[in-house]
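K.L.:
I have a structure here, written as structure tokens, and I will follow up with some questions on it.
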Amino acid sequence: MEFSQDDNNNLPLSKFESMLKTNHVLFFDSEEFENIIHHYLNHGKIALAKKAIKLGLDQHPTSINLKLFKVEVFVFEDKLIEADELLNTLYSIDPANEEIYIQKANILSKKDEHKKAINVLKKALDLTDDVVDIYSLIGMEYLFLDEFENAKTYFMKCLEEDLQDYAALYNIIYCFDFLNQNQDAIEYLNIFLDKNPYCEVAWHQLGKQYLELKKYRKALAAFDFAIISDDTFVGAYLERGKVLEKLKRYDEAIENYNITLKLDDPTSFALLRIGSCYEKLNNNELAVQYYYKTVHEDPLLDKGWIAITKFYNKNKNYQKALHYINKAINIDSENVTYWKLYAQINHRLNFFEEAERGYKKTLELGNYELNTWLSRGDLLIKLGELEASVYNFEQAIEFYPENAELEYRLAGLFFVLNENDKGSFHLKNGLRYNKEYAFIIDELFPEVTNKIQVKNLLKTNL
431 MEFSQDDNNN
441 LPLSKFESML
451 KTNHVLFFDS
461 EEFENIIHHY
471 LNHGKIALAK
481 KAIKLGLDQH
491 PTSINLKLFK
501 VEVFVFEDKL
511 IEADELLNTL
521 YSIDPANEEI
531 YIQKANILSK
541 KDEHKKAINV
551 LKKALDLTDD
561 VVDIYSLIGM
571 EYLFLDEFEN
581 AKTYFMKCLE
591 EDLQDYAALY
601 NIIYCFDFLN
611 QNQDAIEYLN
621 IFLDKNPYCE
631 VAWHQLGKQY
641 LELKKYRKAL
651 AAFDFAIISD
661 DTFVGAYLER
671 GKVLEKLKRY
681 DEAIENYNIT
691 LKLDDPTSFA
701 LLRIGSCYEK
711 LNNNELAVQY
721 YYKTVHEDPL
731 LDKGWIAITK
741 FYNKNKNYQK
751 ALHYINKAIN
761 IDSENVTYWK
771 LYAQINHRLN
781 FFEEAERGYK
791 KTLELGNYEL
801 NTWLSRGDLL
811 IKLGELEASV
821 YNFEQAIEFY
831 PENAELEYRL
841 AGLFFVLNEN
851 DKGSFHLKNG
861 LRYNKEYAFI
871 IDELFPEVTN
881 KIQVKNLLKT
891 NL
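Below is the structure:
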């Protein structure tokens, strides 16, 4: 039983908390103690729960239920040995108590012994009238083992017992998704909806499955039914908006996103999508307004900063694009996409040193795209940092072996540095891998094209 602020059920709780403030010990029956402890555990008030357990056992030393709460606290505090010992004692007293099995399974699960936990829970099924909770626990144990078919089976059992168990429904769809069984999920949801046709959660999930399969018309219909079932269902409006975007019905998508803003607090996702829709409708003024609202609502949302930066970038307002990407980097300096945009914008502005710094940071953060290596290396050449450029391209070759673009660049660099043997080696490699990129030598290193060694190699192989 959960205590409510509006009924008399909270009287024992108030009485208990009054008692804690005085030296007077009052009497509670064991059921009252159970409700008090349950309340504290549900609200994460472990210290108060422990006090209630101690006082409860002082007054009712033989209460198995109070001792099971003690086990629960032991497990929460990772005192698994103490929990196990107390459970063994309780089992010898009451071997038919299903809660003992549940707590035993909880301990085994904490030890990552999930198979054993499942076996114990299956024994509990024979002892309980409330099978739904046990089915759910078994399903979760199978999830821990990545046995999604078995997990799905037990969550389905939950839903067979209780059509309103939406947690089980979400877990079933999670299993279908993980197994890439979209069509099977659709069939299951349709069968479920035959029994429960006004279940907005099931319609919503059905729409998401159709969306995954790019069946946009069917997805739209499913989200419509979710909204008919519950016209305040924010998630259905958001998903409906996404489908309308896919269908290029941007005005209607905006309407759906706007409904979510009226039904609930504004979300950065909805604001961002509205901005994107206005941009696609070529309404730049409203687009940028909503991008501003997005980053104001959630300064940590990288998609907001990326959208506003790309907006100005696309419109060739590079100074403003640079301004906003700098603001984004000040908030999150470890975001690789920010640094990539920072490098590209500075490159367009001919701020070569800053651009090189951006590409370097992009690589340091793990973006090893070929174009990043090429752009950084070419900038280092422009900046006269030839040794650094060589090192950059040599690193790149570890990720992209037998790449002609890298080989020609290294060839040119080594010829410029008068390391002709190394230059010849890389030029031969480049010619072997792809002769069409030989123009790189002339374009990036015009000063070496008159070298006899270079002329001969090009003449022989082209």
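According to my numbering, the sequence shown holds residues 431 to 892 in order.
Cβ coordinates follow ideal geometry from the N, Cα and C atoms, glycine included.
Keep in mind the model is a prediction, meaning the values are calculated, not measured.
Starting from residue 878, trace the alpha helix (DSSP H) both ways and give me its first and last residue.
P.N.:
Locating residue 878 in the sequence shown gives position 448, where the first residue counts as 1. Unbroken run through residue 878: none, as it is neither H nor E.
K.L.:
Considering just the uninterrupted stretch of the alpha helix (DSSP H) at residue 585, what are its terminal residues?
P.N.:
Within the sequence shown, residue 585 is the residue found at index 155, counting from 1. 578-591 is the extent of the alpha helix (DSSP H) around residue 585.
K.L.:
Assuming residue 863 contacts residue 834 (C-beta within less than 8 angstroms), just tell me the rounded distance between them.
P.N.:
Taking the first residue of the sequence shown as position 1, residue 863 is located at position 433. Taking the first residue of the sequence shown as position 1, residue 834 is located at position 404. Indeed, because the Cβ distance is near 4 angstroms, the residues count as touching under 8 angstroms.
K.L.:
Among the candidates 813, 803, 527, whose CA atom is the shortest distance from the CA of residue 781?
P.N.:
In the sequence shown, the residue the question calls residue 781 occupies position 351. That would be 813, whose Cα lies nearest to the Cα of residue 781.
K.L.:
Give the secondary structure of residue 474 by DSSP, where H, G and I count as helix, E and B as strand, and everything else as coil.
P.N.:
Taking the sequence shown and counting its residues from 1, one reaches residue 474 at position 44. Coil at residue 474, not helix or strand.
K.L.:
If you check the beta carbons only, do residue 531 and residue 553 fall under 7 angstroms apart?
P.N.:
Residue mapping note: residue 531 aligns to position 101 of the sequence shown, counting from 1. Residue mapping note: residue 553 aligns to position 123 of the sequence shown, counting from 1. A contact, by the Cβ cut-off of 7 angstroms.
K.L.:
Just the Cα atoms here: how many angstroms apart are residue 612 and residue 639?
P.N.:
Taking the first residue of the sequence shown as position 1, residue 612 is located at position 182. Taking the first residue of the sequence shown as position 1, residue 639 is located at position 209. Whole-angstrom Cα-Cα distance: 6 angstroms.
K.L.:
Do residue 487 and residue 498 have their C-beta atoms closer together than 7 angstroms?
P.N.:
For this step, residue 487 is matched to residue 57 along the sequence shown. For this step, residue 498 is matched to residue 68 along the sequence shown. No, Cβ-Cβ distance for residue 487 and residue 498 is not below 7 angstroms.
K.L.:
Using alpha carbons as the reference points, say which of 774, 600, 576 lies closest to residue 586.
P.N.:
Taking the first residue of the sequence shown as 1, we reach residue 586 at position 156. Among 774, 600, 576, the Cα nearest to that of residue 586 is on 600.
K.L.:
I'd like the span of the alpha helix (DSSP H) that includes residue 656, first residue to last.
P.N.:
For the purposes of this step, residue 656 is taken as residue 226 along the sequence shown, with counting starting at 1. Element bounds for residue 656: 646-659.
K.L.:
Taking the alpha-carbon of residue 706 as reference, which of 825, 683, 565, 887 has the nearest alpha-carbon?
P.N.:
Stepping through the sequence shown from its first residue, residue 706 is reached at position 276. Comparing Cα-Cα distances from residue 706 to each of 825, 683, 565, 887, the minimum goes to 683.
K.L.:
Counting pairs of beta carbons, one from the segment 561-577 and one from the segment 542-550, are three or more of them closer than 8 angstroms?
P.N.:
Cβ pair count under 8 angstroms is three or more, so yes.
K.L.:
Pull up the CB-CB distance for residue 483 and residue 520, whole angstroms please, since I reckon it's below 8 angstroms.
P.N.:
Along the sequence shown, one-based indexing puts residue 483 at 53. Along the sequence shown, one-based indexing puts residue 520 at 90. Going by Cβ atoms, the distance from residue 483 to residue 520 rounds to 14 angstroms, so no, they are not a contact pair.
K.L.:
Alpha carbon to alpha carbon, how far is residue 722 from residue 661?
P.N.:
Looking up residue 722 in the sequence shown gives position 292. Looking up residue 661 in the sequence shown gives position 231. Between residue 722 and residue 661, the C-alpha separation is close to 29 angstroms.
K.L.:
Please report the straight-line C-alpha distance between residue 448 and residue 562, rounded to a whole angstrom.
P.N.:
As a working note, residue 448 is residue 18 in the sequence shown. As a working note, residue 562 is residue 132 in the sequence shown. The straight-line gap from Cα to Cα measures roughly 37 angstroms.
K.L.:
Which first and last residues belong to the alpha helix (DSSP H) in which residue 825 is found?
P.N.:
Here residue 825 refers to the residue found at position 395 of the sequence shown. 816-829 is the span of the alpha helix (DSSP H), which, as asked, contains residue 825.
K.L.:
Which one of 830, 848, 831, 859 has the shortest CA to CA distance from residue 838?
P.N.:
Locating residue 838 in the sequence shown gives position 408, where the first residue counts as 1. The residue with the shortest Cα to Cα distance from residue 838 is 859.
K.L.:
Would residue 696 and residue 715 be called neighbours here (beta carbons separated by less than 7 angstroms)?
P.N.:
If you number the sequence shown from 1, residue 696 lands on position 266. If you number the sequence shown from 1, residue 715 lands on position 285. Cβ distance not < 7 angstroms, so residue 696 and residue 715 don't count as in contact.
K.L.:
Helix, strand or coil for residue 872? Go by DSSP, reduced to three states.
P.N.:
Along the sequence shown, one-based indexing puts residue 872 at 442. Residue 872: helix per DSSP, three-state reduction.
K.L.:
Count the other C-beta atoms from every protein chain shown that fall within 10 angstroms of the C-beta of residue 474, then say buried if there are 16 or more, exposed otherwise.
P.N.:
Start at 1 with the first residue of the sequence shown, and residue 474 comes out as number 44. Residue 474 is exposed by the Cβ-count criterion.
K.L.:
Give the secondary structure of residue 526 by DSSP, where H, G and I count as helix, E and B as strand, and everything else as coil.
P.N.:
Position 96 of the sequence shown, counted from the start, is the residue given in the question as residue 526. In the structure shown, residue 526 sits in coil (DSSP, three-state: anything other than H, G, I, E or B).
K.L.:
Counting along the chain, where does the alpha helix (DSSP H) carrying residue 541 start and finish?
P.N.:
Residue 541 sits at position 111 when you count from the first residue of the sequence shown. Looking at the DSSP string, residue 541 is not in any alpha helix (DSSP H), and its letter there is neither H nor E.
K.L.:
State buried or exposed for residue 504, treating a residue as buried only when at least 16 other CB atoms are found within 10 Å of its CB.
P.N.:
Start at 1 with the first residue of the sequence shown, and residue 504 comes out as number 74. Buried, because 16 or more other Cβ atoms sit within 10 Å of the Cβ of residue 504.
K.L.:
May I ask you to check if the CB of residue 761 is nearer than 6 angstroms to at least one heavy atom of the ligand SAH?
P.N.:
Of ligands this structure carries none, so the ligand SAH is not represented either.
K.L.:
Would you report the Cα separation of residue 581 and residue 756, rounded to the nearest angstrom?
P.N.:
As a position in the sequence shown, residue 581 is number 151, starting the count at 1. As a position in the sequence shown, residue 756 is number 326, starting the count at 1. Straight-line Cα distance between these residues: approximately 47 angstroms.
K.L.:
Tell me whether residue 808 is buried or exposed, calling it buried when 16 or more other Cβ atoms sit within 10 Å of its Cβ.
P.N.:
What you label residue 808 is simply residue 378 of the sequence shown in a count that begins at 1. Buried: at least 16 other Cβ atoms inside 10 Å.
K.L.:
If we ignore side chains and look at the alpha-carbon of each, how far apart do residue 574 and residue 544 end up?
P.N.:
Along the sequence shown, read from residue 1 onward, the residue named residue 574 stands at position 144. Along the sequence shown, read from residue 1 onward, the residue named residue 544 stands at position 114. In a straight line, the C-alpha of residue 574 is about 7 angstroms away from that of residue 544.
K.L.:
From residue 593 to residue 623, what distance separates their C-alpha atoms?
P.N.:
Mapped onto the sequence shown, residue 593 falls at position 163. Mapped onto the sequence shown, residue 623 falls at position 193. So the two alpha carbons sit approximately 10 angstroms from each other.
K.L.:
In or out: residue 802 buried (at least 16 other Cβ within 10 Å) or exposed?
P.N.:
Here residue 802 refers to the residue found at position 372 of the sequence shown. Buried, by the Cβ-count rule.
K.L.:
Can you find the residues in the same chain that come closer than 6 angstroms, C-beta to C-beta, to residue 423, ignoring five residues on each side of it along the sequence?
P.N.:
With the chain represented from 431 up to 892, any question about residue 423 goes unanswered, as that position is not in the structure.
K.L.:
Tell me whether the beta-carbon of residue 646 lies closer than 7 angstroms to the beta-carbon of residue 677.
P.N.:
Your numbering for residue 646 matches position 216 in the sequence shown. Your numbering for residue 677 matches position 247 in the sequence shown. Yes, these two residues count as a Cβ contact at 7 angstroms.
K.L.:
Taking residue 786 as part of the alpha helix (DSSP H), name the residues at either end of that continuous run.
P.N.:
Position 356 of the sequence shown, counted from the first residue, corresponds to residue 786. Run containing residue 786: 782-794, per the alpha helix (DSSP H) assignment.
K.L.:
Considering only their Cβ atoms, is the gap separating residue 884 from residue 846 smaller than 7 angstroms?
P.N.:
Mapped onto the sequence shown, residue 846 falls at position 416. Mapped onto the sequence shown, residue 884 falls at position 454. Going by C-beta atoms, residue 846 is not nearer than 7 angstroms to residue 884.
K.L.:
Buried or exposed: which applies to residue 608, given that a residue is buried once 16 or more other Cβ atoms fall within 10 Å of its Cβ?
P.N.:
In the sequence shown, counting from the first residue as 1, residue 608 sits at position 178. Flag for residue 608 reads exposed.
K.L.:
If you follow the alpha helix (DSSP H) that residue 707 is in, where does it begin and where does it stop?
P.N.:
Mapped onto the sequence shown, residue 707 falls at position 277. Residue 707 -> alpha helix (DSSP H) spans 698-710.
K.L.:
Determine, using beta carbons only, whether residue 773 and residue 789 come nearer to each other than 7 angstroms.
P.N.:
Taking the sequence shown and counting its residues from 1, one reaches residue 773 at position 343. Taking the sequence shown and counting its residues from 1, one reaches residue 789 at position 359. Yes, the pair counts as a contact, with Cβ atoms nearer than the cut-off.
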